[in-house]
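Asker: My questions will all concern the structure given below.
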Amino acid sequence: VIAGEMSSANSTLVADNKAPTVKTTTELTFTVKDAYGNPVTGMKPDAPVFSGAANTGSERPSAGNWTEKGNGVYVSTLTLGSAAGQLSVMPRVNGQNAVAQPLVLNVAGDASKAEIGDMTVKVNNQLANGQSANQITLTVVDSYGNPLQGQEVTLNLPQGVTSKTGNTVTTNAAGKADIELISTVAGELEIAAAVKNSQKTVTVKFNADASTGQANLQVDTAVQKVANGKDAFTLTATVEDKNGNPVPGSLVTFNLPRGVKPLTGDNVWVKANDEGKAELQVVSVTAGTYEITASAGNSQPSNTQTITFVADKATATVSGIEVMGNYALADGKAKQTYKVTVTDANNNLVKDSEVTLTASPASLNLEPNGTATTNEQGQAIFTATTTVAAIYTLKAQVSQTNGQVSTKTAESKFVADDKNAVLTASSDMQSLVADGKSTAKLEVTLMSANNPVGGNMWVDIQTPEGVTEKDYQFLPSKNDHFVSGKITRKFSTSKPGVYTFTFNALTYGGYEMKPVTVTITAVDADTAKDEEAMK
Numbered sequence: 062v063i064a065g066e067m068s069s070a071n072s073t074l075v076a077d078n079k080a081p082t083v084k085t086t087t088e089l090t091f092t093v094k095d096a097y098g099n100p101v102t103g104m105k106p107d108a109p110v111f112s113g114a115a116n117t118g119s120e121r122p123s124a125g126n127w128t129e130k131g132n133g134v135y136v137s138t139l140t141l142g143s144a145a146g147q148l149s150v151m152p153r154v155n156g157q158n159a160v161a162q163p164l165v166l167n168v169a170g171d172a173s174k175a176e177i178g179d180m181t182v183k184v185n186n187q188l189a190n191g192q193s194a195n196q197i198t199l200t201v202v203d204s205y206g207n208p209l210q211g212q213e214v215t216l217n218l219p220q221g222v223t224s225k226t227g228n229t230v231t232t233n234a235a236g237k238a239d240i241e242l243i244s245t246v247a248g249e250l251e252i253a254a255a256v257k258n259s260q261k262t263v264t265v266k267f268n269a270d271a272s273t274g275q276a277n278l279q280v281d282t283a284v285q286k287v288a289n290g291k292d293a294f295t296l297t298a299t300v301e302d303k304n305g306n307p308v309p310g311s312l313v314t315f316n317l318p319r320g321v322k323p324l325t326g327d328n329v330w331v332k333a334n335d336e337g338k339a340e341l342q343v344v345s346v347t348a349g350t351y352e353i354t355a356s357a358g359n360s361q362p363s364n365t366q367t368i369t370f371v372a373d374k375a376t377a378t379v380s381g382i383e384v385m386g387n388y389a390l391a392d393g394k395a396k397q398t399y400k401v402t403v404t405d406a407n408n409n410l411v412k413d414s415e416v417t418l419t420a421s422p423a424s425l426n427l428e429p430n431g432t433a434t435t436n437e438q439g440q441a442i443f444t445a446t447t448t449v450a451a452i453y454t455l456k457a458q459v460s461q462t463n464g465q466v467s468t469k470t471a472e473s474k475f476v477a478d479d480k481n482a483v484l485t486a487s488s489d490m491q492s493l494v495a496d497g498k499s500t501a502k503l504e505v506t507l508m509s510a511n512n513p514v515g516g517n518m519w520v521d522i523q524t525p526e527g528v529t530e531k532d533y534q535f536l537p538s539k540n541d542h543f544v545s546g547k548i549t550r551k552f553s554t555s556k557p558g559v560y561t562f563t564f565n566a567l568t569y570g571g572y573e574m575k576p577v578t579v580t581i582t583a584v585d586a587d588t589a590k591d592e593e594a595m596k
């Protein structure tokens, strides 16, 4: 049978591998038949024509020369190019298409050379709350850049980060895999992905959850601060979200009690730095202990910190001297108490300040004798006794750090013990001439120990029979007040006889004294002359 001309409708082209890999070879078999199905031999086919995605790339597919194997069968070796995808192969004879439909091959990428070609962050800056997800997209390709489907990619995740799509993902037909990441750790975190011997990293950022920001307050109280409006405590609030992440930029409110204020201005709101820390310096002019808290995003107060401002010794001033037990008895036993109060320039009570107390006259016995230290109430306490009734001037003094001193004075009074006072009376002569001219001086005293006692005196005078008040003089009066514990009277008479003076006294404290008497004998003037002459 002699074959006719080639029929493209009856001729076929097949490959021994319909899904080859890039840069591999496969054998093409071109069977040529005429219109009646008879093999056509002796043909010289042209090089096939290629089209499709697999005919792109840096290296194109090519075919070797056709070799006739007999019975109208021609073979050629097809070498695939570097691009994956569909490849249409059309055999040609005499410049014309030699088959009705081209051979279509699905050229695959080279999975043995899989690598991560691209890894990008699609969604970023989500909250580190374990719910909001950042998203990464990666593409797995071969060494020629062809996407590879079905490749398993292993993720290496830092602590606190979890993949919602699992730690191993598989690429789709486009060689891509989408990865959703959640985290409880804030910050810029490195995510690593690996396929075969290839690895790539990308950085994602999770932000702290400011809505759950909780402030933790710290205060350095190693050095005490003075309530002078200048010496400041530094408050440090660290803001962390519910997962312990610092919250930069969080607005912190420092809750200050009355009496405490910022060192500068009045603003108690401070923005946290990159470490989630906010600082505020606070001062006071009122000494005392204060409780302070801070709050941030969740509006819940922090732990409570206590700060103490102390009075300013540099401006210590004696503000008062309180005399307790004034008008105490000058009996050497009864005590007066003196409370010397020391305050600073802002009227704060000053503790542990040395106070010196002196008294004038010096007969006051002070305890302690010299200095005393102020207590928690800013008071230095002294006691005093004496046996000398007097008005005493107390002088308290405290030194300031600038070398100046502050002083203040007060008066205290010790009085005589009139309950135990003693009334005495005496005359400078036992007898006198009853001539109306001779005068006896009588002295009455009212004393307690060595202290004069105040009171009233009156005298009863017992005269000789027949003598009336017109016959003698008792000057200036029979009643009087003691001055410095003493009263002096003068007595004269023109009538002889024995005169008895009974002195009575009532102290100002209401104590009546035991009466005392003085007797004076008045001698007749003539008798006195005779006696004088006889001498």
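Using the numbering used here, count along the sequence shown one by one with no gaps and you end on 596. For each residue, glycine too, the CB sits at the ideal point set by N, CA and C.
1) DSSP three-state call for A271: helix, strand or coil?
2) From I581, V75, L427, V459, pick the residue whose C-alpha is nearest to that of V160; which is it?
3) Between which residues of its own chain and N217 is the CB-CB distance below 6 angstroms, once the five residues before and five after are set aside?
4) Using a threshold of 8 angstroms, state whether the C-beta atoms of A293 and K286 are closer than that.
5) Using the Cα positions of L209 and Q187, report the straight-line distance between them to the nearest angstrom.
6) With DSSP run on the structure shown, which of helix, strand or coil describes N430?
7) With distances taken Cα to Cα, identify the nearest neighbour of N268 among N228, V284, G290, S244.
8) If K547 sits next to T582, beta carbons under 8 angstroms apart, how far is it from one beta carbon to the other, in whole angstroms?
9) Three-state secondary structure (DSSP) at A450?
10) V384 and S473 - do their beta-carbons sit closer together than 8 angstroms?
11) I need the boundaries of the beta strand (DSSP E) containing N316, first residue and last residue.
12) Within the continuous beta strand (DSSP E) that includes G113, where are the two ends?
13) Using the rule of at least 16 other Cβ atoms within 10 Å of the residue's Cβ for burial, across every protein chain shown, is S72 buried or exposed?
14) V62 to T102, Cα distance in whole Å?
15) Rounded C-beta distance between N409 and T347? I'm assuming under 8 angstroms.
16) Run the CB neighbour count on N481, radius 10 Å, all protein chains shown included, and call it buried at 16 or more, exposed below.
17) Go through its chain and collect everything with a Cβ distance to K556's Cβ below 8 angstroms, but skip five positions before and after it.
18) Taking the Cβ atom as the reference point for each residue, do F315 and A391 lie within a distance shorter than 8 angstroms?
19) Suppose you measure from the CA of A377 to the CA of A433; what does that come to, to the nearest Å?
20) Might you give, ordered along the chain, the residues of its own chain that have their beta carbon closer than 7 angstroms to the beta carbon of S123, omitting 5 neighbours on each side?
21) If you reduce the DSSP assignment to three classes, tell me which class S363 lands in.
22) Rounding to the nearest angstrom, what Cα-Cα distance links T181 and V321 in this structure?
23) Out of curiosity, what's the CA-to-CA distance linking V284 and K374?
24) Count the CB pairs spanning the segment 224-235 and the segment 152-169 that are closer than 8 angstroms, and state whether there are at least three.
25) Look at G439 and T417 and say whether their C-beta atoms are less than 8 angstroms apart.
26) So what's T376 in DSSP terms, helix, strand or just coil?
27) Per the DSSP calculation, P307 is bridged to which residue(s)?
Answerer: In this structure, then:
1) Counting from 1 along the sequence shown, the entry for residue 271 is found at position 210. Three-state DSSP puts A271 in a helix.
2) Counting from one through the sequence shown, the residue named residue 160 turns up at place 99. For V160, the nearest C-alpha among the options comes from V75.
3) The count along the sequence shown starts at 1 and reaches residue 217 at position 156. Within its own chain, the residues whose Cβ lies closer than 6 angstroms to the Cβ of N217, once the five positions on either side in sequence are excluded, are A253, listed in chain order.
4) Here residue 293 is taken as the residue at index 232 of the sequence shown, counted from 1. Here residue 286 is taken as the residue at index 225 of the sequence shown, counted from 1. Yes. Within cutoff.
5) Here residue 209 corresponds to residue number 148 of the sequence shown, with the count starting at 1. Here residue 187 corresponds to residue number 126 of the sequence shown, with the count starting at 1. Rounded to the nearest whole angstrom, the CA to CA distance from L209 to Q187 is 30 angstroms.
6) Reading the sequence shown from its first residue, position 369 is the one you call residue 430. Coil.
7) As a position in the sequence shown, residue 268 is number 207, starting the count at 1. If we check each option's Cα against that of N268, S244 comes out closest.
8) Within the sequence shown, residue 547 is the residue found at index 486, counting from 1. Within the sequence shown, residue 582 is the residue found at index 521, counting from 1. Actually they do not touch by this definition, with Cβ atoms about 25 angstroms apart.
9) To locate residue 450, count along the sequence shown from 1; it is residue 389. Three-state result, A450: coil.
10) For the purposes of this step, residue 473 is identified with residue 412 of the sequence shown, where counting begins at 1. For the purposes of this step, residue 384 is identified with residue 323 of the sequence shown, where counting begins at 1. Yes, the Cβ-Cβ distance between S473 and V384 is below 8 angstroms.
11) Residue numbering aside, residue 316 sits at position 255 when the sequence shown is read from its first letter. First-last of the beta strand (DSSP E) with N316: 312-316.
12) The sequence position of residue 113 within the sequence shown is 52, counting from 1. Premise fails: G113 is in no beta strand (DSSP E) and is neither H nor E.
13) Translated into the one-based positions of the sequence shown, residue 72 becomes position 11. Buried, by the Cβ-count rule.
14) As a working note, residue 62 is residue 1 in the sequence shown. As a working note, residue 102 is residue 41 in the sequence shown. Note that V62 scores a pLDDT of 44, beneath 50, so its modelled location is shaky and nothing firm can be said.
15) For the purposes of this step, residue 409 is taken as residue 348 along the sequence shown, with counting starting at 1. For the purposes of this step, residue 347 is taken as residue 286 along the sequence shown, with counting starting at 1. Taking 8 angstroms as the upper bound for CB-CB distance, N409 and T347 are in contact here, some 7 angstroms apart.
16) As a working mapping, residue 481 is identified with position 420 in the sequence shown. Classification of N481: exposed, given that the 10 Å Cβ count is below 16.
17) Position 495 of the sequence shown, counted from the first residue, corresponds to residue 556. Within the same chain, and ignoring the five residues on either side of K556 in sequence, the residues whose Cβ sits closer than 8 angstroms to its Cβ are A495, T524, P525, G527, V528, D532, Y533, A583.
18) Taking the sequence shown and counting its residues from 1, the one referred to as residue 315 is at position 254. Taking the sequence shown and counting its residues from 1, the one referred to as residue 391 is at position 330. F315 places its beta carbon 8 angstroms or farther from that of A391.
19) For the purposes of this step, residue 377 is taken as the residue at position 316 of the sequence shown. For the purposes of this step, residue 433 is taken as the residue at position 372 of the sequence shown. Rounded to whole angstroms, A377 to A433 spans 15 angstroms at the Cα level.
20) Here residue 123 refers to the residue found at position 62 of the sequence shown. Shown here for S123: same chain residues with a beta carbon closer than 7 angstroms to its own, the five before and five after excluded, namely T140 in chain order.
21) Counting from 1 along the sequence shown, the entry for residue 363 is found at position 302. S363 falls in the coil class under three-state DSSP.
22) Sequence index remark: in the sequence shown, residue 181 carries index 120 (1-based). Sequence index remark: in the sequence shown, residue 321 carries index 260 (1-based). One C-alpha to the other measures close to 52 angstroms.
23) Start at 1 with the first residue of the sequence shown, and residue 284 comes out as number 223. Start at 1 with the first residue of the sequence shown, and residue 374 comes out as number 313. In this structure, the straight-line span from the alpha carbon of V284 to that of K374 is close to 15 angstroms.
24) Touching, no, given that fewer than three Cβ pairs across the two stretches are closer than 8 angstroms.
25) For the purposes of this step, residue 439 is identified with residue 378 of the sequence shown, where counting begins at 1. For the purposes of this step, residue 417 is identified with residue 356 of the sequence shown, where counting begins at 1. For G439 and T417, no; Cβs fall outside 8 angstroms.
26) Along the sequence shown, read from residue 1 onward, the residue named residue 376 stands at position 315. In this structure, T376 counts as helix in the three-state DSSP scheme.
27) Taking the sequence shown and counting its residues from 1, one reaches residue 307 at position 246. Per DSSP, the beta bridge partners of P307 are E301.
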